[in-house]
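Under our numbering, the first residue of the sequence shown is numbered 3, with each subsequent residue one higher. Below: one structure, written as structure tokens.
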Amino acid sequence: MSGWNRVATVPMQRSLFESISVSQRKLGEVQQQMATGKKAPDFASLGIETMRNLSARTLLVRQEAHAAVGARIGTTLSIMDSQMGGIEESLSKLRDGLLSAVGTGRADGLQEVVEEAFQRFRTGLNSDEAGQFLFAGSQTATAPFAPASLAACAGVPTASAFRNDGVTAEARVADGLDVTYGTTASAIGSELFGAFRTLAEAGTIGATPTPAQMTSINEAIGQLNDGLMTLRAAHAENGRRQAQVESLAERASERTLILEKMVSRNEDADLAEVASQLVQRQTTLEASYTLFSRLSNLSLINFMR
3 MSGWNRVATV PMQRSLFESI SVSQRKLGEV QQQMATGKKA PDFASLGIET
53 MRNLSARTLL VRQEAHAAVG ARIGTTLSIM DSQMGGIEES LSKLRDGLLS
103 AVGTGRADGL QEVVEEAFQR FRTGLNSDEA GQFLFAGSQT ATAPFAPASL
153 AACAGVPTAS AFRNDGVTAE ARVADGLDVT YGTTASAIGS ELFGAFRTLA
203 EAGTIGATPT PAQMTSINEA IGQLNDGLMT LRAAHAENGR RQAQVESLAE
253 RASERTLILE KMVSRNEDAD LAEVASQLVQ RQTTLEASYT LFSRLSNLSL
303 INFMR
């Protein structure tokens, strides 16, 4: 009779055992989705969406890189903008002081204004970002403007006052678009340096300038006018580049969001749906266990009772 029992129940037990194995596997998959938040453990398991997601991820990395480069360049251009603006403001004040001296014949405090303007000029040209000089071209480890004081400018050729080269930076901020940005100390400061050299060679200017000093002041005014025109043109170009880079960085960020949504839609699991499936899989598996237990205890003797 026990043999009849095995003949009747073993095929059913085997079938039920296979069903339990399937339920366990599906429950494991749902548990993995809940733990990782992903639909599949690898790209191959995504099926027909695999190639699309690989392409989207490649584009996403590229757009993130463009956005990062744009943000970094934007910071650099912003610092340059601030330094050029400060130099322009200081030298405009100096020119007003020189014009006042010419008009009144008096130069009370003018020497101090000249000294202050020179230091602001020198500080601006030798400004740096993270230890790299902004206006030095490719010679970023060397301060581009050499004279340390106004007096040191006397008799110094313009070429000797500047240690930068003519190289400007270039970066890729969008697909197929490289942007050249920045300027050099000599490009914006050569004519302005000439004004400081003229004033340094005139000697210390007292309350009443000498005729020779007045001649130097008039010469310096002309040099300042030319130098300020060059500085303002470079300042305006820097602002244009800044606006361009910011616009391109914003577009890269917008494209990044779109690509992130595309990747998320194909890869990320709906956790609410996964939680519901998890309950269903657990209930199904528990029911299978219960049925298997009952079937294992089933016998003809029990049935006959």
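Every residue gets a Cβ at the ideal spot worked out from N, C-alpha and C, and that includes glycine.
Next on the checklist: Quick check: what's the CA-CA separation for V65 versus T258?
Outcome noted: Stepping through the sequence shown from its first residue, residue 65 is reached at position 63. Stepping through the sequence shown from its first residue, residue 258 is reached at position 256. One detail in the question is off: residue 65 reads as Gln in this sequence, not Val. If you take the alpha carbons of Q65 and T258, they lie about 6 Å apart.
Next on the checklist: Does R165 come out as helix, strand or coil in the three-state DSSP assignment?
Outcome noted: Stepping through the sequence shown from its first residue, residue 165 is reached at position 163. In this structure, R165 counts as coil in the three-state DSSP scheme.
Checklist entry - Where does Q141 fall in DSSP's three states? => result The residue given as residue 141 occupies position 139 in the sequence shown. Correct three-state label for Q141: coil.
Item to check | Backbone secondary structure at S64 - three-state DSSP | outcome: Within the sequence shown, residue 64 is the residue found at index 62, counting from 1. The sequence shown places Arg at residue 64, not Ser. In this structure, R64 counts as helix in the three-state DSSP scheme.
Next on the checklist: So, for S80: in the same chain, excluding its five sequence neighbours on each side, which residues have a beta-carbon less than 7 Å away from its beta-carbon?
Outcome noted: As a first step, residue 80 is located in the sequence shown; it is residue number 78 there, counting from the start. For S80, where only same-chain residues beyond five positions count, the Cβ hits under 7 Å are Q244.
Checklist entry - Which residues bound the beta strand (DSSP E) around L179? => result Start at 1 with the first residue of the sequence shown, and residue 179 comes out as number 177. Counting along the chain, the beta strand (DSSP E) containing L179 begins and ends at 179-183.
Checklist entry - So, is L179 buried or exposed, given that buried needs 16 or more other C-beta atoms within 10 angstroms? => result Looking up residue 179 in the sequence shown gives position 177. The residue is exposed, with fewer than 16 neighbouring Cβ atoms inside 10 Å.
Checklist entry - Do you know offhand how far Q141's Cα is from D167's? => result Sequence index remark: in the sequence shown, residue 141 carries index 139 (1-based). Sequence index remark: in the sequence shown, residue 167 carries index 165 (1-based). Cα-Cα distance, rounded: 7 Å.
Next on the checklist: Within the continuous beta strand (DSSP E) that includes A171, where are the two ends?
Outcome noted: For the purposes of this step, residue 171 is taken as residue 169 along the sequence shown, with counting starting at 1. Where A171 is concerned, the enclosing beta strand (DSSP E) stretches over 171-176.
Item to check | Separation of M216 from A209, as counted between CA atoms | outcome: The count along the sequence shown starts at 1 and reaches residue 209 at position 207. The count along the sequence shown starts at 1 and reaches residue 216 at position 214. Using only the alpha carbons, I get a separation of about 12 Å.
Checklist entry - Are the segment 200-207 and the segment 108-121 touching by the rule of at least three beta carbon pairs closer than 8 Å? => result yes
Checklist entry - Residue ranges of each alpha helix (DSSP H) run of no fewer than 4 residues wholly in the segment 109-142, ordered along the chain? => result 112-127
Item to check | CB-CB length for G191 against F123, believed under 8 Å | outcome: Position 189 of the sequence shown, counted from the first residue, corresponds to residue 191. Position 121 of the sequence shown, counted from the first residue, corresponds to residue 123. Their Cβ separation, rounded to whole angstroms, is 7 Å, which keeps G191 and F123 in contact under 8 Å.
Item to check | Sufficient close CB pairs (3 or more, under 8 Å) joining the segment 83-99 to the segment 229-244 | outcome: yes
Item to check | CA nearest to the CA of E221, picked from L230, L201, A235, P211 | outcome: Translated into the one-based positions of the sequence shown, residue 221 becomes position 219. Checked all of L230, L201, A235, P211; the closest Cα to E221 is L201.
Next on the checklist: On the criterion of 16 or more Cβ atoms from any shown chain inside 10 Å, does P159 qualify as buried, or is it exposed?
Outcome noted: As a working note, residue 159 is residue 157 in the sequence shown. Classification for P159: exposed.
Item to check | Per-residue burial, V63 [other beta carbons within 10 Å of its own, 16 or more giving buried] | outcome: Residue numbering aside, residue 63 sits at position 61 when the sequence shown is read from its first letter. Exposed: under 16 other Cβ atoms inside 10 Å.
Next on the checklist: Using 7 Å as the threshold, is the C-beta distance between G126 and G99 below it?
Outcome noted: Within the sequence shown, the letter at position 124 stands for residue 126. Within the sequence shown, the letter at position 97 stands for residue 99. Their beta carbons are not under 7 Å apart, which means G126 does not touch G99 by this criterion.
Checklist entry - Residue range of the alpha helix (DSSP H) that I190 falls in? => result The residue given as residue 190 occupies position 188 in the sequence shown. Per DSSP, I190 belongs to the alpha helix (DSSP H) from 187-203.
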